[in-house]
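Novice: The structure is given below, and queries will be raised subsequently.
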């Protein structure tokens, strides 16, 4: 087991989401995190080999699994996520390389989170009050993904979030 932490600057992302919102295109941080996870898997070959790298979004007492391949658009991810939120189906039994947990906005920094059953990675994200930055904790099973690959995956996710235009191409 290994854990890695990172602080994410969200200024550029907030500005981009506000500009998109003014044109009628609304996206939430959940949508962007799903898309960024897909980019991180695409940029980290060792992590991408984890069963096609689907992502399980942790919802209230359940999970929704998403295919986050680079060709899946942010609009499509948002639509699928909103459908999953409205549905009560639990995908915890479906394979996923990563579970993604978005904590309520606060100044609390996650320090330890257990892996969920049948998940190799767990990303816990807490957006700071005011939304200027987020704290992330990546927990990994080192029997399935070595520490260097996990650190590279988190660095790729951080880069995608901090340079969000990459998520729209």
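Numbering (my numbering), first residue to last: 68 to 236.
Beta carbons: idealized from backbone N, C-alpha and C, even for Gly.
Please return the same chain residues whose Cβ sits closer than 6 Å to the Cβ of residue 109, not counting the five positions on each side in sequence.
Specialist: For this step, residue 109 is matched to residue 42 along the chain shown. So the qualifying residues of the chain are 137.
Novice: Which same chain residues, not among the five before or five after residue 179, have their C-beta less than 8 Å away from its C-beta?
Specialist: The count along the chain shown starts at 1 and reaches residue 179 at position 112. Counting only Cβ-Cβ distances below 8 Å, and skipping sequence neighbours, we find 70, 204, 206.
Novice: Can you tell me which of 76, 187, 78 puts its alpha carbon nearest to the alpha carbon of residue 214?
Specialist: For the purposes of this step, residue 214 is identified with residue 147 of the chain shown, where counting begins at 1. When only C-alpha atoms are compared, the closest one is 187.
Novice: Let me confirm a value: residue 154 is counted as buried when at least 16 other C-beta atoms fall within 10 Å, else exposed. Which label applies?
Specialist: Stepping through the chain shown from its first residue, residue 154 is reached at position 87. Exposed, since its Cβ has fewer than 16 Cβ neighbours within 10 Å.
Novice: Given this structure, state the Cα-to-Cα distance separating residue 86 from residue 175, to the nearest angstrom.
Specialist: On the chain shown, residue 86 is found 19 positions in, with the first residue counted as 1. On the chain shown, residue 175 is found 108 positions in, with the first residue counted as 1. For residue 86 and residue 175, the distance between alpha carbons rounds to 28 Å.
Novice: List the DSSP bridge partners of residue 125.
Specialist: Counting from 1 along the chain shown, the entry for residue 125 is found at position 58. Per DSSP, 130.
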